[in-house]
Structure formats: C-alpha cells, structure tokens
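A.B. asks:
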Amino acid sequence: MNGDLEIAKNKFNELTKFRTNYKQLASYYIGSIFFKEGDYNTAKNYFYASYRENQDVSYTKNSLLNYSKCLFELGNYNLSIKTLEKLKSEFSDYKLEEVNELISENYFLTNDYERILNYLNSLENKSNKEKQKYKFILYQKGVNNFNNGDFKNAIKYFRLSSEIDVENIDLFTKQSMEWLRHIS
C-alpha cells in the first residue's frame, strides 16, 4: 500500500509541473495524500497551489478548507482563522457549520478570550460544541477576574456561564455556582 502511495505521489507531482486541466486536481490529491500521512507542511503547499489554480470551484473550496486545516495542525491558528474567514466570504454557504467550528476551535487555541467571545457572540446558531467552548471561556474569564480581585466582573461571567444550557456539561455550571456562593 505504501508503495502505491509513493507511485501516486510521483504521478500527481508530474502533473503539477505543467499548466494543464489536471494541475488543480493533481495538487489537491497529492495534498490529500500528504495530509493523511501527517505531513501537514507539504500538504499545505499543495492545497494552496490547488486553490490558486481555481479551475474547478469544488476543488477550489475544498483546497482552501484543507489548507486551513493544515495551518491548524501546524499551530498557525491566526492564519488558519484568516483563511477560514476568506472561505466564508468567498463561498458563504460552503460547509458553514464545519467552517464555523474550525474558526471557533482556532480562536479557542489562541487563548485570546476576548476574540473567541466576540466571535462566538457573532454566531446566530451555535452548535453544542461551540456552546461548550462559550461556557468554558465565560467560566475562565470569571476565574481570571476573581483571581485579579475584580469580583463584580467575576460574578457577571460566572452567572453567564451557569446560564448556558449545554448537553452533558454540568461541571462548569456546578463550579460557577460554587464560585458565586463563595463570592456572594
């Protein structure tokens, strides 16, 4: 099987060297192989090349999405966010739920609570996963405010966190209520 992948990579790579109708497809598929192998840096380059070819809109969209997934895997969260936002602006209905979840996951991993809260507040319909992140971030903001002696804002964030109804996540509600009892 591994030998077949090497043969496929070589064949696809040959097709990427010339300006043909197959260049975008070849770049996309070789990027997919490298992605599956965990070589995200190489995959990223092929997905970006496929995106830039822009011959087939289906491959263009998928290439940009996979490019941002590679950036995410490489820890380049801010560029991944920019790429996903570009995807949303160019192809507004394309895999919207997946794109929104990837954006929120990228924001979440930046540890920039204000940015993630602003982003999550901007979403009209939050998935259960996004609600969990939202609840967690509000709780963390409350803890940070409490530790900094800003009890008024701590209470605000603990209350907000405890009011968010999320399936299978009682831990933060209980902890928020405990902090509120402790502060009040």
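In terms of this note's numbering, the sequence shown opens at residue -3 and continues consecutively. All C-beta atoms, glycine included, are put in the ideal place defined by N, C-alpha and C.
#1: With DSSP as the reference, label Arg15 as helix, strand or coil.
#2: Sorted by chain position, which residues of the same chain lie with C-beta nearer than 8 angstroms to Leu83's C-beta, five sequence neighbours on each side aside?
#3: So, are the CB atoms of Tyr115 and Gly138 less than 8 angstroms apart?
#4: Can you list, in chain order, the residues of its chain with a C-beta nearer than 7 angstroms to that of Glu183? Leave out the 5 residues immediately preceding and following it.
#5: Where Ile133 and Ala22 are concerned, what is the direct C-alpha to C-alpha distance, given to the nearest angstrom?
#6: Secondary structure at Lys91, three-state DSSP: helix, strand or coil?
#7: Reducing DSSP to helix, strand and coil, say where Lys78 ends up.
#8: Please name the residue in Asp161, Lys78, Lys122 and Leu113 whose C-alpha comes closest to that of Glu97.
#9: The alpha helix (DSSP H) spanning Leu113 covers which residue range?
#10: Using 8 angstroms as the threshold, is the C-beta distance between Tyr55 and Gln20 below it?
#11: Between which two residues does the alpha helix (DSSP H) holding Gln51 run?
#12: Am I right that Glu126 and Ser100 are in contact with their C-beta atoms under 8 angstroms? What's the rounded C-beta distance?
#13: Alpha helix (DSSP H) containing Ser158: first to last residue?
C.D. replies: Quick look at the numbers:
#1: Coil, per DSSP.
#2: Excluding sequence neighbours, Leu83 sits near Lys57, Leu60, Leu61, Ser64, Tyr90 and Val95.
#3: Tyr115 is not a Cβ neighbour of Gly138, given a cutoff of 8 angstroms.
#4: Within the shown structure, residues of the chain are numbered from -3 to 180, placing residue 183 beyond reach of any answer.
#5: Answer to the nearest angstrom: the Cα atoms are 41 angstroms apart.
#6: Coil, per DSSP.
#7: Helix, per DSSP.
#8: Among Asp161, Lys78, Lys122 and Leu113, the Cα nearest to that of Glu97 belongs to Lys122.
#9: Start and end: Tyr109 to Ser118.
#10: For the pair Tyr55 and Gln20, the CB atoms are nearer than the 8 angstroms cut-off.
#11: Here Gln51 belongs to no alpha helix (DSSP H), and DSSP marks it neither H nor E.
#12: Right, the Cβ-Cβ distance comes to about 5 angstroms (below 8 angstroms), so this counts as a contact.
#13: Residues Phe147 to Glu159.
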